[in-house]
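In my numbering, the protein residues as written are 26 to 503.
Take a look at the structure:
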C-alpha cells in the first residue's frame, strides 16, 4: 500500500486544542526570552501606544550603548536590528502606521550609531538600513498624511545621509509615491541641481552636492522606469558625457526596453573603451533585429579580442552562406594567436580538434597550468577525439601548475593527472615531439621529490589508476 503523506507541522499545530497550545507557549516563555517578549507584546496588541513605547525603549537603549561589534559579531548585530524592524512592521504598523513610521524614521536617523558601532565589512548594517528604508516607505503609504507632503520629506531624509545607505528610499520610492508624486520629487531635485550649478564658482570643479543630486535622480529614474530622467540630469553638468556615463545611459534604456534610444549613445567612439562600445552596439542592434548590421560589428569585436565567447556572439546571427569564410578567418587567427588556450579553444569550436592538438603540441612548453577551467575543457575534447598528445600536454601543464606552486589542496587532483599520464604512456608510448614519459617522470621526481604529501596521494591512487576514464573530473579552483 502507498504510504500516507506525513502531516505538515503547520497542519498539526492547527488541529491542537487551544489550551494545549497555550500551555506549550507558557512553557517556552519560561526558558526563552524572545518567546516571553513576543507574548508580552501580544498583550499590548490593542494598545499600540504602549507597544510603540516598548519598541522605542529598546531603540533608545541601543542608541545609548557604547558596545562595538567586530567583524565576527556584526552579522548577529545586524540580525538583531533587522528583527526589531520586522517586529515593528508586523506588530505595530497595522495598528498605528504613523507610530511605526516615526520609529522607522528614528532608526534611519540613528545610522551613525549603527555604522560607528560595528565593522560593516560584510554589509550587514548596510543591508539592515536598506530594509529600514523599505519599511519606512511601506508604513508611510498606510498613513493619512496628504500625498503632497511626502516628496519634501523624502528629499530631506535622503539628503541627510552621511553613510550612503539611504538610497533605498528613492530606489523604492514607488512603494509610496505614484507616478505624479515621483515626477514631483524629481522636479524638486532638478530644481535643487539648477540652484547648485548656478551658484558654483566657474573656476573650480563641481560641488560634491551635484553628484549627490545626480545619484538621487538616477535612483528615481530607476523607480519610475524612465531613463530620460538620469540622462537629462547628467547632461546638465556634463554636456559631453564620458564613456562610463554613456554606458549607463545605454543600460538604462535597455532596461526600459527602449533600444532605439540606447543606440543614440553608441554612435560615437568611446576612446579607450571602444571594445565595450562595439559589444553594446552589436547587442542593441540585435535587440532591434538588425542582424545585417550587428554581424560585422561582432566580427570587429572578435578580431580585436579573440575569445570563445565573442566567437559565439559573432556566429549566432551569421547567415549560413557566410559561415565558411568566417571559419577560415577564425582558423587563420587561431593558428597565429599567442594565447595557446584561446587558440586551441577556437579551433575546437570550429570542429578541428586535430589542428588544436597540433597548435598545443607545437608550443607545449608555453602552456600554463594555472587556468584549470579552460584546460579542463581542452583535456575533455582531446580525450573524446583520442588526441593523446594534446591530452598529455594539458595534463602535464595542470600537474606542474599544482606542484610548482606547492598547492597542497590540489594534490589529490594532481595524483589523478599523474595516473592518467601513465595510462596514456602505456597505451601510446610514442609521444612524437614531446619528451618521453620516462623523462617527464624523472624530471618531476627530481624537482618535486620532497613534496611527500603529493607522493602519498600518488601511492594512495595506486600510482597508475585514474578515475577520469569516462571523462569525469571533479571541479577544482586555483
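Here a beta-carbon is modelled for each residue, glycine too, at the ideal position from N, C-alpha and C.
Item, Value
"Tell me which residues share the same chain as residue 32 and place their Cβ nearer than 8 Å to its Cβ, disregarding the 5 neighbours each side in the sequence.", "none"
"Looking at the structure shown, is residue 59 part of a helix, part of a strand, or coil, going by DSSP?", "helix"
"Just confirm the distance between the C-beta atoms of residue 133 and residue 140, as a whole number of angstroms; I'd bet it's less than 8 Å.", "Incorrect: roughly 12 Å between the Cβ atoms, too far for contact."
"With burial defined as no fewer than 16 other Cβ atoms inside 10 Å of the residue's Cβ, what is the status of residue 22: buried or exposed?", "Since the displayed the chain opens at 26 and closes at 503, residue 22 lies outside it and no answer follows."
"With residue 281 as the anchor, note down where its alpha helix (DSSP H) starts and where it stops.", "Neither: residue 281 is in no alpha helix (DSSP H) and is coded neither H nor E."
"For a minimum of 4 consecutive residues, which ranges assigned as the alpha helix (DSSP H) are wholly contained in the stretch 433-499?", "436-452, 462-473, 477-485"
"Using a threshold of 8 Å, state whether the C-beta atoms of residue 180 and residue 200 are closer than that.", "no"
"Based on DSSP bridge pairs, tell me the residues matched to residue 143.", "94"
"Can you tell which of 367, 391, 390 has the C-alpha that lies nearest to the C-alpha of residue 380?", "367"
"How should residue 91 be labelled, buried or exposed, when 16 other C-beta atoms within 10 angstroms of its C-beta is the threshold for buried?", "exposed"
"Count the other C-beta atoms from every protein chain shown that fall within 10 angstroms of the C-beta of residue 226, then say buried if there are 16 or more, exposed otherwise.", "exposed"
"Please state whether the Cβ-Cβ distance between residue 505 and residue 278 is less than 8 Å.", "Since the displayed the chain opens at 26 and closes at 503, residue 505 lies outside it and no answer follows."
"Drop a sphere of 10 angstroms on the beta-carbon of residue 78, count the other beta-carbons inside from all chains shown, and report buried for 16 or more, exposed for fewer.", "exposed"
"With a CB to CB cut of under 8 Å and the five nearest residues on each side skipped, what residues in its chain are close to residue 496?", "Unreliable placement is indicated for residue 496, whose pLDDT of 40 sits below 50; no coordinate value is reported for it."
"Considering Cα atoms alone, identify which of 260, 215, 231, 229 is closest to residue 245.", "215"
"By the 10 Å Cβ neighbour count, where 16 or more other Cβ atoms means buried, how is residue 428 classified, buried or exposed?", "buried"
"From the DSSP output, in three-state form, read off residue 502 for me.", "Unreliable placement is indicated for residue 502, whose pLDDT of 45 sits below 50; the coordinate value is still reported in the next sentence. Coil."
"List in chain order: all unbroken alpha helix (DSSP H) runs of 4+ residues lying wholly within the stretch 230-301.", "233-249, 253-262, 268-280, 284-288"
"In angstroms, rounded to a whole number, what distance separates the CA positions of residue 291 and residue 182?", "37 Å"
"Tell me whether residue 168 sits in a helix, a strand or coil according to DSSP, three-state version.", "coil"
"Expressed to the nearest angstrom, what Euclidean distance is found between the alpha-carbon atoms of residue 346 and residue 324?", "15 Å"
"Counting beta carbon pairs with one atom in the stretch 324-336 and one in the stretch 346-363, are three or more of them shorter than 8 Å?", "yes"
"Mind checking residue 37: buried by the 16 CB within 10 Å criterion, or exposed?", "exposed"
"Identify, in the order they occur along the chain, each residue of the same chain with its Cβ nearer than 8 Å to the Cβ of residue 322, setting aside the five sequence neighbours on each side.", "303, 306, 307, 310"
"One question on the structure: do residue 350 and residue 375 come within less than 8 Å of each other, judged by their Cβ atoms?", "no"
"State the start and end residues of the unbroken alpha helix (DSSP H) segment that holds residue 33.", "Taken as a continuous stretch (DSSP letters only), residue 33 belongs to no alpha helix (DSSP H), as it is neither H nor E."
"Starting from residue 121 and walking both ways along the alpha helix (DSSP H), at which residues does that stretch end?", "No alpha helix (DSSP H) contains residue 121, which DSSP labels as neither H nor E."
"Is the beta carbon of residue 143 less than 8 Å from the beta carbon of residue 94?", "yes"
"Tell me the rounded alpha-carbon separation between residue 458 and residue 449.", "15 Å"
"Straight-line CA distance for residue 269 to residue 301?", "10 Å"
"Less than 6 Å between C-beta atoms, sequence neighbours within five positions excluded: which residues of the same chain meet that for residue 372?", "359, 380, 381"
"Can you say whether residue 122 is buried or exposed, counting buried as having 16 or more other CB atoms within 10 angstroms of its CB?", "buried"
"Measure the C-alpha to C-alpha separation of residue 340 and residue 319 and round it to an integer number of angstroms.", "11 Å"
"Short of 7 Å in beta carbon distance, which residues of its chain neighbour residue 193, apart from the five on each side in sequence? Order them along the chain.", "155, 158, 159"
"Which of helix, strand or coil does DSSP assign to residue 349?", "helix"
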